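K.L.:
Mind having a look at this structure? Questions to follow.
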Amino acid sequence: MYALAAVLLLLLAALLWWGSLRQRAALGLPEGQVLYSDTGVERRVEQPLFDEALGLIGRPDYLIQGADGLVPVEVKSGRTPRAPHQSHIYQVAAYCALVARTFHQRPAYGIIRYPQRSFRVEFTTALEAQLLSVLEAMRVSLQRGELHRSHQVAARCAACGYRLACTERIH
């Protein structure tokens with residue numbers, strides 16, 4: 049009787065393990081331990097990543113400790129593009145920079161996960177320099193009061209958190 053219960057428990061554990069591997073593969077997450085999750089299901093780190101010198105704060109959807117080191121993962125729910133959007137590349141680069149400064153480990157790459165495909169974004173020194181340039185341009189525009197948001201997509205404008213205060217919104 050005990051042997052049968054032990055076998056059933058072992059089979060259940062194997063089934064759950066197999067299911068978790070399939071779910072991780074479906075999400076496009078790399079192998080490793082999930083150190084951080086900000087998906088609404090669970091949070092393993094209370095504080096967002098922050099760097100005062102960069103003027104950045106953010107929370108990647110996942111932070112994985114894998115064989116390649118720390119890997120930030122950003123999950124997008126919209127349509128899967130042929131190539132990642134430039135703004136999403138900069139978002140993942142920002143997470144890589146925050147991870148490097150917070151944990152003193154430079155990620156080799158980050159991942160953007162769309163519904164049908166994941167993209168690996170190499171965190172090169174060239175991409176980091178581009179990110180710093182974009183951040184500086186944003187700061188200058190903000191100081192001049194010239195910061196404009198994209199208003200080409202009505203649905204995006206309608207979902208914007210600044211819609212009520214925005215003078216450029218699509219009506």
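Numbering (the working numbering), first residue to last: 49 to 219.
Every residue gets a Cβ at the ideal spot worked out from N, C-alpha and C, and that includes glycine.
Here the structure is a predicted model, which means the values were calculated and not measured.
Just to confirm the assignment, what range does the alpha helix (DSSP H) spanning GLN153 have?
P.N.:
By 1-based counting over the sequence shown, the position of residue 153 is 105. First-last for GLN153: undefined, no H or E at that position.
K.L.:
List the whole-angstrom C-beta distance separating ALA141 from PHE171, where the pair is believed to meet the contact cut-off of C-beta under 8 Å.
P.N.:
Looking up residue 141 in the sequence shown gives position 93. Looking up residue 171 in the sequence shown gives position 123. The pair is a contact, with the Cβ atoms about 6 Å apart (cut-off 8 Å).
K.L.:
Are the CB atoms of ALA51 and LEU104 nearer to each other than 8 Å?
P.N.:
Sequence index remark: in the sequence shown, residue 51 carries index 3 (1-based). Sequence index remark: in the sequence shown, residue 104 carries index 56 (1-based). Result no, Cβ atoms of ALA51 and LEU104 do not sit closer than 8 Å.
K.L.:
On the DSSP bridge list, what partners appear for ARG168?
P.N.:
On the sequence shown, residue 168 is found 120 positions in, with the first residue counted as 1. ARG168 is bridged to ILE159.
K.L.:
By Cβ distance, which residues of its chain are closer than 6 Å to ARG154, with the 5 residues on each side in sequence left out?
P.N.:
What you label residue 154 is simply residue 106 of the sequence shown in a count that begins at 1. Taken in chain order, the residues that qualify are ALA148.
K.L.:
Please state whether DSSP places LEU97 in a helix, a strand or coil.
P.N.:
In the sequence shown, residue 97 corresponds to position 49, counting from 1. LEU97: strand per DSSP, three-state reduction.
K.L.:
Check each candidate in PRO78, SER125, GLY106 and name the one with the smallest Cα separation from GLY117.
P.N.:
To locate residue 117, count along the sequence shown from 1; it is residue 69. It is PRO78.
K.L.:
What is the rounded straight-line gap between the Cα of VAL201 and the Cα of ALA207?
P.N.:
Sequence index remark: in the sequence shown, residue 201 carries index 153 (1-based). Sequence index remark: in the sequence shown, residue 207 carries index 159 (1-based). Computed Cα separation, rounded: 10 Å.
K.L.:
Could you compute how far the alpha carbon of PRO108 sits from the alpha carbon of THR215?
P.N.:
Here residue 108 is taken as the residue at index 60 of the sequence shown, counted from 1. Here residue 215 is taken as the residue at index 167 of the sequence shown, counted from 1. Using only the alpha carbons, I get a separation of about 30 Å.
K.L.:
VAL201 lies in the beta strand (DSSP E); which residues open and close that run?
P.N.:
As a first step, residue 201 is located in the sequence shown; it is residue number 153 there, counting from the start. Segment: none, VAL201 is in no beta strand (DSSP E) and carries neither H nor E.
K.L.:
Report the rounded CA-to-CA distance for LEU157 versus LEU175, giving the unit in angstroms.
P.N.:
Here residue 157 is taken as the residue at index 109 of the sequence shown, counted from 1. Here residue 175 is taken as the residue at index 127 of the sequence shown, counted from 1. Reading off the sequence, residue 157 comes out as Tyr, not Leu. Distance between the alpha carbons of TYR157 and LEU175 is about 11 Å.
K.L.:
Just mark ARG127 as buried or exposed, buried being the case when its beta carbon has 16 or more other beta carbons within 10 Å.
P.N.:
In the sequence shown, the residue the question calls residue 127 occupies position 79. It is exposed - the Cβ of ARG127 has fewer than 16 other Cβ atoms within 10 Å.
K.L.:
Mapping DSSP to helix, strand and coil, what is ILE218?
P.N.:
Counting from one through the sequence shown, the residue named residue 218 turns up at place 170. In the structure shown, ILE218 sits in coil (DSSP, three-state: anything other than H, G, I, E or B).
K.L.:
Per the DSSP calculation, VAL82 is bridged to which residue(s)?
P.N.:
Taking the sequence shown and counting its residues from 1, one reaches residue 82 at position 34. DSSP output for VAL82 lists ILE112 as bridge partner(s).
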